[in-house]
Amino acid sequence: ETGVTQTPRHLVMGMTNKKSLKCEQHLGHNAMYWYKQSAKKPLELMFVYNFKEQTENNSVPSRFSPECPNSSHLFLHLHTLQPEDSALYLCASSRKGTGGTGYTFGSGTRLTVV
Amino acid sequence: AQTVTQSQPEMSVQEAETVTLSCTYDTSESDYYLFWYKQPPSRQMILVIRQEAYKQQNATENRFSVNFQKAAKSFSLKISDSQLGDAAMYFCAYRSPGGGTSYGKLTFGQGTILTVHP
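Protein chains in written order, with the numbering used here: chain A, 895 to 1008; chain B, 333 to 450.
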């Protein structure tokens, strides 16, 4: 365990379902991120939160809705997804301003949309 | 915007041998950080090694070392005495320094799958 916990580890959902991914860290980090990792593609940064405020949204479709109630928790709400949204979704955290420490990642949620 | 390129989709090495993974990047910044992450089948992204751009000395962590060529914008990873447990996807990553209101964005390359043969 790295200190960033993601649940669930696996999720299968239909295109009409609504589900949520959860990420939690107690490392004292103040920035949290959602990445999408698809086969044969680079990691795609989806959202960035600094001190609970969303600071970046990389043209992510509205069927993905992030929520950051506090600096330790980050959610990704999913609704009416498409099969191409099937991927590994990684959460990460960092301490803002300390570039040399990199990010700490969770183990990801493997999402399959059927 | 910064870009990171890993030109080797797959590499293989014999156990106990040495392998080098390549990475190049593009940036206009003078101060930044570079990282190699390892992602085994468990999916956990594990930090392997990091390099500060203002340091000329190449970083080393046990069997892992880098060849950092700032002028050429090259950052290769050398794994010595390869072990079966080194088999994984390896990602090169660039991070802006951050500070102030900036969070220091981390940009990844496409990844290199490393296979270790016994």
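Each residue gets a CB set at the ideal place from its N, CA and C atoms; glycine is no exception.
If we count the other Cβ atoms within 10 Å of its Cβ and call it buried at 16 or more, is residue i buried or exposed?
i        : result
Asp358/B : exposed
Ser988/A : buried
Ala853/A : Absent from the structure is residue 853/A, since the part of chain A shown begins at 895 and ends at 1008.
Ala385/B : buried
Phe958/A : buried
Alpha carbon to alpha carbon, what distance is there between residue j and residue i?
i         : j        : result
Asn399/B  : Val336/B : 16 Å
Glu947/A  : Thr901/A : 22 Å
Lys1009/A : Ser956/A : The first residue shown for chain A is 895 and the last is 1008, placing residue 1009/A beyond what the model contains.
Val1007/A : Thr949/A : 28 Å
Ser428/B  : Lys387/B : 15 Å
Phe407/B  : Gly441/B : 12 Å
Leu972/A  : His923/A : 25 Å
Ser966/A  : Glu918/A : 6 Å
Given a cut-off of 8 Å on the beta-carbon distance, is the pair residue i and residue j in contact?
i         : j        : result
Gln401/B  : Ala391/B : no
Met926/A  : Leu968/A : yes
Phe367/B  : Gly996/A : yes
Leu438/B  : Ala420/B : no
Thr1003/A : Leu921/A : no
Leu915/A  : Leu982/A : no
Val448/B  : Glu347/B : yes
Just verifying my parser: in three-state terms, what is the DSSP assignment at residue i?
i        : result
Asp979/A : helix
Thr350/B : coil
Leu409/B : strand
> Of the residues that make up the segment 966 to 987 of chain A, which ones have a beta carbon closer than 8 Å to any beta carbon in chain B?
Replying inline: Shown in chain order are the members of the segment 966 to 987 of chain A whose Cβ falls below 8 Å from a Cβ of chain B: Leu982, Leu984 and Ala986.
> Of all the residues that make up the segment 348 to 382 of chain B, which are near chain A by a beta-carbon distance shorter than 9 Å?
Replying inline: For the segment 348 to 382 of chain B, residues whose beta-carbon sits nearer than 9 Å to a beta-carbon of chain A comprise Asp363, Tyr364, Tyr365, Phe367, Tyr369, Gln371, Ser374, Arg375, Gln376, Met377, Ile378, Leu379 and Arg382.
>> For the segment 907 to 922 of chain A, list every residue whose C-beta sits within 9 Å of some C-beta in chain B, in sequence order.
In response: Cβ contacts with chain B come from no residue of the segment 907 to 922 of chain A.
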